[in-house]
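Worksheet for the structure shown next.
In the numbering used here, the protein residues as written are 229 to 628.
Structure representation (C-alpha coordinates):
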(Lines of atoms letter the chains of each structure in order from A and count residues from 1; the text may use other names and numbers.)
(Lines give C-alpha, C1' and ligand atoms only; values in the text may rest on other atoms or scores of the structure.)
Protein backbone atom coordinates (compact mmCIF):
# COMPACT_ATOMS: atom_id res chain seq x y z
CA UNK A 1 0.00 0.00 0.00
CA UNK A 2 2.91 2.34 0.66
CA UNK A 3 3.95 2.41 -2.98
CA UNK A 4 0.36 3.21 -4.01
CA UNK A 5 0.27 6.00 -1.45
CA UNK A 6 3.54 7.31 -2.89
CA UNK A 7 2.13 7.28 -6.40
CA UNK A 8 -0.95 9.18 -5.24
CA UNK A 9 1.22 11.79 -3.52
CA UNK A 10 3.45 12.12 -6.59
CA UNK A 11 0.41 12.51 -8.83
CA UNK A 12 -1.09 15.07 -6.46
CA UNK A 13 2.22 16.94 -6.43
CA UNK A 14 2.41 17.01 -10.21
CA UNK A 15 -1.18 18.24 -10.42
CA UNK A 16 -0.48 20.97 -7.85
CA UNK A 17 2.59 22.10 -9.82
CA UNK A 18 0.61 22.07 -13.05
CA UNK A 19 -2.08 24.10 -11.32
CA UNK A 20 0.51 26.58 -10.10
CA UNK A 21 1.91 26.94 -13.62
CA UNK A 22 -1.58 27.44 -15.04
CA UNK A 23 -2.57 29.93 -12.34
CA UNK A 24 0.67 31.85 -12.72
CA UNK A 25 0.36 31.94 -16.50
CA UNK A 26 -3.24 33.16 -16.32
CA UNK A 27 -2.27 35.83 -13.77
CA UNK A 28 0.58 37.10 -15.91
CA UNK A 29 -1.54 37.08 -19.07
CA UNK A 30 -4.31 39.01 -17.31
CA UNK A 31 -1.73 41.48 -16.01
CA UNK A 32 -0.38 41.90 -19.53
CA UNK A 33 -3.86 42.34 -20.98
CA UNK A 34 -4.73 44.97 -18.37
CA UNK A 35 -1.62 46.98 -19.05
CA UNK A 36 -1.96 46.79 -22.82
CA UNK A 37 -5.67 47.27 -23.35
CA UNK A 38 -7.17 49.09 -20.36
CA UNK A 39 -7.16 52.86 -20.99
CA UNK A 40 -6.85 53.62 -17.27
CA UNK A 41 -3.64 51.60 -16.94
CA UNK A 42 -2.27 51.83 -20.44
CA UNK A 43 1.40 51.31 -21.19
CA UNK A 44 2.64 53.87 -23.72
CA UNK A 45 5.30 51.39 -24.95
CA UNK A 46 7.12 54.40 -26.35
CA UNK A 47 10.31 52.59 -27.24
CA UNK A 48 8.43 50.05 -29.34
CA UNK A 49 7.55 52.96 -31.61
CA UNK A 50 11.30 53.44 -32.12
CA UNK A 51 11.73 49.76 -33.00
CA UNK A 52 8.77 49.89 -35.38
CA UNK A 53 10.15 53.02 -37.03
CA UNK A 54 13.56 51.33 -37.45
CA UNK A 55 11.89 48.35 -39.09
CA UNK A 56 10.05 50.67 -41.46
CA UNK A 57 13.33 52.45 -42.30
CA UNK A 58 14.89 49.10 -43.20
CA UNK A 59 11.88 48.14 -45.30
CA UNK A 60 12.14 51.41 -47.25
CA UNK A 61 15.93 51.45 -47.49
CA UNK A 62 16.18 54.68 -45.49
CA UNK A 63 19.01 55.68 -43.14
CA UNK A 64 18.79 54.66 -39.48
CA UNK A 65 21.21 57.09 -37.87
CA UNK A 66 20.57 60.36 -39.73
CA UNK A 67 20.71 63.40 -37.49
CA UNK A 68 17.37 64.66 -38.81
CA UNK A 69 15.52 61.42 -38.02
CA UNK A 70 12.43 61.77 -35.79
CA UNK A 71 13.75 59.00 -33.53
CA UNK A 72 17.24 58.33 -32.20
CA UNK A 73 17.77 54.65 -32.89
CA UNK A 74 20.67 53.72 -30.61
CA UNK A 75 20.89 49.98 -31.25
CA UNK A 76 23.11 48.07 -33.70
CA UNK A 77 21.89 47.64 -37.31
CA UNK A 78 21.33 43.92 -36.71
CA UNK A 79 18.46 44.81 -34.36
CA UNK A 80 16.86 47.01 -37.00
CA UNK A 81 17.15 44.18 -39.53
CA UNK A 82 15.19 41.95 -37.15
CA UNK A 83 12.51 44.59 -36.67
CA UNK A 84 12.38 44.97 -40.44
CA UNK A 85 11.09 41.41 -40.73
CA UNK A 86 7.72 42.76 -39.64
CA UNK A 87 7.53 44.88 -42.77
CA UNK A 88 4.53 47.18 -42.71
CA UNK A 89 2.67 45.30 -39.96
CA UNK A 90 0.92 47.57 -37.42
CA UNK A 91 2.95 48.51 -34.36
CA UNK A 92 0.46 46.80 -32.03
CA UNK A 93 1.76 43.39 -33.12
CA UNK A 94 5.31 44.34 -32.19
CA UNK A 95 4.06 45.75 -28.89
CA UNK A 96 2.29 42.50 -28.09
CA UNK A 97 5.30 40.41 -29.07
CA UNK A 98 7.82 42.39 -27.01
CA UNK A 99 5.51 42.61 -23.99
CA UNK A 100 4.78 38.87 -24.05
CA UNK A 101 8.46 38.03 -24.56
CA UNK A 102 9.42 40.31 -21.66
CA UNK A 103 6.94 38.68 -19.28
CA UNK A 104 8.20 35.22 -20.29
CA UNK A 105 11.79 36.44 -19.85
CA UNK A 106 10.94 37.64 -16.34
CA UNK A 107 9.71 34.15 -15.43
CA UNK A 108 12.85 32.59 -16.92
CA UNK A 109 15.08 35.05 -15.04
CA UNK A 110 13.35 34.25 -11.74
CA UNK A 111 13.58 30.49 -12.36
CA UNK A 112 17.29 30.64 -13.18
CA UNK A 113 17.99 32.90 -10.20
CA UNK A 114 16.21 30.56 -7.80
CA UNK A 115 18.04 27.57 -9.26
CA UNK A 116 21.42 29.30 -8.96
CA UNK A 117 20.58 30.12 -5.34
CA UNK A 118 20.03 26.43 -4.66
CA UNK A 119 16.26 26.74 -4.30
CA UNK A 120 14.02 24.14 -5.98
CA UNK A 121 12.51 25.78 -9.05
CA UNK A 122 8.95 24.89 -8.12
CA UNK A 123 6.38 26.73 -10.23
CA UNK A 124 4.72 28.34 -7.23
CA UNK A 125 8.04 29.83 -6.10
CA UNK A 126 8.98 30.98 -9.59
CA UNK A 127 5.66 32.71 -10.20
CA UNK A 128 5.67 34.22 -6.71
CA UNK A 129 9.10 35.72 -7.41
CA UNK A 130 7.92 36.99 -10.81
CA UNK A 131 4.81 38.53 -9.27
CA UNK A 132 6.86 40.34 -6.62
CA UNK A 133 9.32 41.48 -9.30
CA UNK A 134 6.42 43.28 -10.98
CA UNK A 135 6.52 45.69 -8.03
CA UNK A 136 10.04 46.93 -8.84
CA UNK A 137 10.79 50.03 -10.88
CA UNK A 138 13.22 48.37 -13.34
CA UNK A 139 10.67 45.70 -14.28
CA UNK A 140 7.73 48.11 -14.38
CA UNK A 141 9.66 50.61 -16.51
CA UNK A 142 10.84 47.88 -18.89
CA UNK A 143 7.28 46.72 -19.48
CA UNK A 144 5.88 50.24 -19.41
CA UNK A 145 8.23 51.49 -22.14
CA UNK A 146 8.37 48.30 -24.18
CA UNK A 147 12.11 47.93 -23.55
CA UNK A 148 14.10 44.72 -24.08
CA UNK A 149 16.05 44.65 -20.81
CA UNK A 150 14.29 41.60 -19.36
CA UNK A 151 14.92 39.70 -22.59
CA UNK A 152 18.60 40.68 -22.51
CA UNK A 153 18.98 39.68 -18.84
CA UNK A 154 17.28 36.32 -19.43
CA UNK A 155 19.57 35.59 -22.38
CA UNK A 156 22.62 36.32 -20.24
CA UNK A 157 21.25 34.29 -17.33
CA UNK A 158 20.78 31.20 -19.49
CA UNK A 159 24.56 31.12 -19.91
CA UNK A 160 25.95 32.37 -16.60
CA UNK A 161 23.39 30.88 -14.18
CA UNK A 162 23.01 27.41 -15.67
CA UNK A 163 23.73 24.60 -13.22
CA UNK A 164 26.27 22.82 -15.40
CA UNK A 165 28.86 24.39 -17.67
CA UNK A 166 30.23 23.02 -20.91
CA UNK A 167 27.12 22.78 -23.05
CA UNK A 168 27.57 23.10 -26.79
CA UNK A 169 25.42 26.22 -27.02
CA UNK A 170 26.56 27.92 -23.82
CA UNK A 171 27.57 31.45 -24.76
CA UNK A 172 24.95 31.97 -27.46
CA UNK A 173 22.71 33.82 -25.00
CA UNK A 174 25.44 36.27 -24.01
CA UNK A 175 26.36 36.81 -27.66
CA UNK A 176 22.77 37.56 -28.65
CA UNK A 177 22.30 39.81 -25.62
CA UNK A 178 25.40 41.80 -26.63
CA UNK A 179 24.01 42.07 -30.16
CA UNK A 180 20.86 43.68 -28.76
CA UNK A 181 22.62 45.94 -26.26
CA UNK A 182 26.40 46.25 -26.09
CA UNK A 183 26.68 46.35 -22.28
CA UNK A 184 26.41 42.52 -21.88
CA UNK A 185 29.84 42.24 -23.54
CA UNK A 186 31.20 42.41 -19.98
CA UNK A 187 29.86 38.89 -19.50
CA UNK A 188 32.13 37.61 -22.28
CA UNK A 189 35.11 38.65 -20.17
CA UNK A 190 33.35 37.21 -17.12
CA UNK A 191 32.92 33.81 -18.78
CA UNK A 192 36.59 33.85 -19.74
CA UNK A 193 37.78 34.89 -16.28
CA UNK A 194 35.64 32.21 -14.61
CA UNK A 195 37.33 29.50 -16.69
CA UNK A 196 34.52 29.03 -19.17
CA UNK A 197 36.65 29.81 -22.20
CA UNK A 198 34.58 27.76 -24.62
CA UNK A 199 31.41 29.62 -23.66
CA UNK A 200 33.24 32.94 -24.00
CA UNK A 201 34.40 31.94 -27.48
CA UNK A 202 30.87 30.91 -28.48
CA UNK A 203 29.58 34.26 -27.21
CA UNK A 204 32.12 36.19 -29.27
CA UNK A 205 31.45 34.11 -32.39
CA UNK A 206 27.72 34.69 -31.95
CA UNK A 207 28.21 38.42 -31.51
CA UNK A 208 30.56 38.56 -34.51
CA UNK A 209 28.01 36.67 -36.59
CA UNK A 210 25.34 39.28 -35.81
CA UNK A 211 27.80 42.05 -36.64
CA UNK A 212 28.61 40.40 -39.98
CA UNK A 213 24.91 39.90 -40.68
CA UNK A 214 24.38 43.60 -40.05
CA UNK A 215 27.09 44.54 -42.56
CA UNK A 216 25.64 42.16 -45.15
CA UNK A 217 22.03 43.29 -44.72
CA UNK A 218 22.57 46.98 -43.95
CA UNK A 219 26.10 47.92 -45.10
CA UNK A 220 25.66 51.70 -45.07
CA UNK A 221 24.05 51.81 -41.63
CA UNK A 222 26.63 49.37 -40.27
CA UNK A 223 29.47 51.58 -41.47
CA UNK A 224 27.83 54.58 -39.84
CA UNK A 225 27.22 52.80 -36.55
CA UNK A 226 30.49 50.91 -36.16
CA UNK A 227 33.10 52.70 -38.28
CA UNK A 228 31.91 56.28 -37.85
CA UNK A 229 31.62 55.79 -34.09
CA UNK A 230 27.89 56.28 -33.58
CA UNK A 231 27.94 53.51 -30.96
CA UNK A 232 30.32 55.65 -28.87
CA UNK A 233 28.04 58.70 -28.83
CA UNK A 234 26.42 58.37 -25.41
CA UNK A 235 24.65 61.73 -25.82
CA UNK A 236 22.46 60.15 -28.51
CA UNK A 237 20.97 58.02 -25.74
CA UNK A 238 20.27 60.89 -23.39
CA UNK A 239 21.61 63.48 -20.96
CA UNK A 240 23.48 61.89 -18.02
CA UNK A 241 22.17 64.63 -15.70
CA UNK A 242 18.71 63.09 -16.14
CA UNK A 243 17.82 61.54 -12.79
CA UNK A 244 16.70 58.35 -14.52
CA UNK A 245 20.35 57.73 -15.46
CA UNK A 246 21.57 55.59 -12.58
CA UNK A 247 25.19 55.15 -13.63
CA UNK A 248 28.44 56.48 -12.22
CA UNK A 249 28.58 58.89 -15.15
CA UNK A 250 25.18 60.27 -14.23
CA UNK A 251 26.08 60.56 -10.55
CA UNK A 252 29.37 62.35 -11.26
CA UNK A 253 27.69 64.66 -13.78
CA UNK A 254 25.01 65.64 -11.27
CA UNK A 255 27.52 66.19 -8.47
CA UNK A 256 29.88 68.19 -10.73
CA UNK A 257 27.13 70.29 -12.29
CA UNK A 258 27.36 68.84 -15.80
CA UNK A 259 28.88 66.07 -17.94
CA UNK A 260 31.82 68.17 -19.12
CA UNK A 261 32.84 69.23 -15.61
CA UNK A 262 32.89 65.68 -14.26
CA UNK A 263 34.35 63.69 -17.15
CA UNK A 264 37.77 63.26 -15.54
CA UNK A 265 36.27 62.08 -12.26
CA UNK A 266 34.02 59.68 -14.14
CA UNK A 267 36.92 58.08 -15.99
CA UNK A 268 38.74 57.47 -12.73
CA UNK A 269 35.66 56.17 -10.91
CA UNK A 270 34.66 53.96 -13.84
CA UNK A 271 38.09 52.33 -14.14
CA UNK A 272 38.33 51.71 -10.40
CA UNK A 273 34.79 50.30 -10.24
CA UNK A 274 35.28 48.14 -13.32
CA UNK A 275 38.45 46.54 -11.95
CA UNK A 276 37.19 46.12 -8.38
CA UNK A 277 33.65 45.05 -9.29
CA UNK A 278 34.80 42.56 -11.90
CA UNK A 279 37.33 41.11 -9.45
CA UNK A 280 34.62 40.65 -6.82
CA UNK A 281 32.35 38.96 -9.37
CA UNK A 282 35.05 36.50 -10.42
CA UNK A 283 36.03 35.93 -6.79
CA UNK A 284 32.45 35.08 -5.86
CA UNK A 285 32.08 32.63 -8.75
CA UNK A 286 35.34 30.86 -7.94
CA UNK A 287 34.16 30.46 -4.35
CA UNK A 288 31.12 28.62 -5.68
CA UNK A 289 28.64 31.49 -5.47
CA UNK A 290 27.33 31.51 -9.02
CA UNK A 291 24.39 33.83 -8.45
CA UNK A 292 26.39 36.35 -6.43
CA UNK A 293 29.09 36.43 -9.11
CA UNK A 294 26.62 37.03 -11.93
CA UNK A 295 24.81 39.74 -9.96
CA UNK A 296 28.07 41.54 -9.17
CA UNK A 297 29.13 41.37 -12.82
CA UNK A 298 25.78 42.76 -13.96
CA UNK A 299 25.92 45.57 -11.40
CA UNK A 300 29.49 46.43 -12.41
CA UNK A 301 28.41 46.74 -16.03
CA UNK A 302 25.52 49.01 -15.04
CA UNK A 303 27.72 51.25 -12.90
CA UNK A 304 30.46 51.80 -15.50
CA UNK A 305 28.16 52.14 -18.52
CA UNK A 306 27.96 55.74 -19.83
CA UNK A 307 24.20 55.66 -19.27
CA UNK A 308 22.14 53.17 -17.25
CA UNK A 309 18.46 54.04 -17.18
CA UNK A 310 16.29 52.73 -14.36
CA UNK A 311 14.87 50.04 -16.65
CA UNK A 312 18.40 48.74 -17.27
CA UNK A 313 18.61 47.72 -13.60
CA UNK A 314 16.61 44.49 -14.00
CA UNK A 315 19.55 42.72 -12.32
CA UNK A 316 17.76 43.91 -9.19
CA UNK A 317 15.54 40.83 -9.58
CA UNK A 318 18.35 38.24 -9.16
CA UNK A 319 19.84 40.47 -6.45
CA UNK A 320 16.61 40.40 -4.44
CA UNK A 321 16.35 36.63 -4.91
CA UNK A 322 19.91 36.28 -3.60
CA UNK A 323 19.37 38.47 -0.54
CA UNK A 324 16.04 36.84 0.32
CA UNK A 325 17.41 33.30 0.08
CA UNK A 326 20.51 34.18 2.14
CA UNK A 327 18.38 35.87 4.82
CA UNK A 328 16.05 32.85 4.98
CA UNK A 329 18.82 30.26 5.15
CA UNK A 330 20.98 32.12 7.62
CA UNK A 331 18.05 33.41 9.68
CA UNK A 332 20.09 36.60 9.60
CA UNK A 333 18.50 39.86 10.65
CA UNK A 334 21.25 41.81 8.87
CA UNK A 335 20.63 39.98 5.60
CA UNK A 336 16.88 40.43 6.03
CA UNK A 337 17.41 44.14 6.63
CA UNK A 338 19.59 44.34 3.51
CA UNK A 339 16.87 42.60 1.50
CA UNK A 340 14.19 44.97 2.80
CA UNK A 341 16.31 48.07 2.14
CA UNK A 342 17.20 46.87 -1.36
CA UNK A 343 13.56 46.13 -2.10
CA UNK A 344 12.73 49.62 -0.87
CA UNK A 345 15.31 51.22 -3.17
CA UNK A 346 13.98 49.42 -6.23
CA UNK A 347 10.32 49.49 -5.19
CA UNK A 348 7.82 51.10 -7.53
CA UNK A 349 6.63 53.14 -4.55
CA UNK A 350 10.07 54.75 -4.10
CA UNK A 351 10.17 57.27 -6.94
CA UNK A 352 13.36 59.17 -7.71
CA UNK A 353 13.27 62.95 -7.22
CA UNK A 354 11.74 64.72 -10.20
CA UNK A 355 13.48 68.08 -9.92
CA UNK A 356 16.45 69.10 -12.06
CA UNK A 357 17.41 71.88 -9.65
CA UNK A 358 19.52 71.79 -6.46
CA UNK A 359 18.79 68.59 -4.56
CA UNK A 360 20.38 69.06 -1.17
CA UNK A 361 21.99 66.22 0.77
CA UNK A 362 18.88 64.06 1.06
CA UNK A 363 17.95 64.65 -2.56
CA UNK A 364 21.47 63.81 -3.71
CA UNK A 365 21.34 60.48 -1.88
CA UNK A 366 17.89 59.67 -3.25
CA UNK A 367 18.72 60.83 -6.78
CA UNK A 368 21.58 58.32 -7.01
CA UNK A 369 20.00 55.54 -4.97
CA UNK A 370 20.67 52.74 -7.47
CA UNK A 371 24.33 53.69 -7.72
CA UNK A 372 24.80 53.72 -3.94
CA UNK A 373 22.96 50.41 -3.67
CA UNK A 374 25.05 48.81 -6.42
CA UNK A 375 28.30 50.01 -4.86
CA UNK A 376 27.15 48.73 -1.45
CA UNK A 377 26.42 45.29 -2.92
CA UNK A 378 29.93 45.06 -4.37
CA UNK A 379 31.56 46.16 -1.11
CA UNK A 380 29.39 43.87 1.03
CA UNK A 381 30.10 40.90 -1.23
CA UNK A 382 33.83 41.54 -0.98
CA UNK A 383 33.59 41.70 2.83
CA UNK A 384 31.61 38.46 3.00
CA UNK A 385 34.06 36.68 0.70
CA UNK A 386 36.98 37.94 2.79
CA UNK A 387 35.40 36.54 5.95
CA UNK A 388 34.31 33.33 4.31
CA UNK A 389 37.36 31.33 5.34
CA UNK A 390 36.46 31.73 8.99
CA UNK A 391 32.78 31.12 8.24
CA UNK A 392 33.55 27.94 6.31
CA UNK A 393 35.64 26.67 9.21
CA UNK A 394 32.55 27.12 11.37
CA UNK A 395 30.56 25.02 8.90
CA UNK A 396 28.47 27.76 7.35
CA UNK A 397 28.33 29.78 4.17
CA UNK A 398 26.78 33.22 3.73
CA UNK A 399 26.30 33.36 -0.03
CA UNK A 400 24.95 31.02 -2.61
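Glycine included, C-beta positions come from ideal geometry on N, C-alpha and C.
Proximity of residue i and residue j at Cβ, strictly below 8 Å
i, j, result
"residue 393", "residue 424", "yes"
"residue 413", "residue 406", "yes"
"residue 553", "residue 356", "no"
"residue 283", "residue 323", "no"
"residue 532", "residue 502", "yes"
"residue 479", "residue 306", "no"
"residue 527", "residue 602", "yes"
"residue 569", "residue 341", "no"
"residue 613", "residue 512", "yes"
"residue 389", "residue 315", "no"
"residue 361", "residue 338", "yes"
"residue 571", "residue 563", "no"
"residue 595", "residue 404", "no"
"residue 476", "residue 504", "no"
"residue 515", "residue 616", "yes"
"residue 609", "residue 524", "yes"
"residue 398", "residue 417", "no"
"residue 487", "residue 522", "no"
8 Å contact criterion, which residue i and residue j should meet: CB distance rounded
i, j, result
"residue 402", "residue 384", "6 Å"
"residue 445", "residue 309", "5 Å"
"residue 490", "residue 483", "7 Å"
"residue 606", "residue 458", "In fact, because the Cβ distance is near 31 Å, the residues do not count as touching under 8 Å."
"residue 303", "residue 474", "With a Cβ gap of about 20 Å, residue 303 and residue 474 do not count as contacting."
"residue 408", "residue 380", "5 Å"
"residue 382", "residue 430", "With 8 Å as the limit, residue 382 and residue 430 do not qualify as a contact, their Cβ atoms being about 17 Å apart."
Paired residues, beta bridge with residue i - DSSP
i, result
"residue 575", "364"
"residue 473", "537"
Contact test: residue i Cβ vs the ligand FMN heavy atom, cutoff 7 Å
i, result
"residue 514", "This structure simply doesn't include the ligand FMN, nor any ligand for that matter."
### Query
Would the region 292-304 and the region 453-463 be scored as touching if the rule is three or more Cβ pairs under 8 Å?
yes
#### Entry: Contained beta strand (DSSP E) runs [length at least 3] in the region 347-397, N- to C-terminal order
none
### Query
How about the region 542-561 and the region 357-375: do they share at least three Cβ pairs that are nearer than 8 Å?
yes
### Message
With three or more C-beta pairs closer than 8 Å as the rule, is the region 456-468 touching the region 330-338?
### Response
no
### Ranges of the alpha helix (DSSP H) found wholly within the region 452-511, counting only runs of at least 4
476-484
### Message
Give the list of continuous alpha helix (DSSP H) stretches no shorter than 4 residues that lie fully inside the region 272-337.
### Response
274-288 and 305-311
### Complete alpha helix (DSSP H) runs within the region 522-570 (minimum length 4 residues, chain order)
544-558
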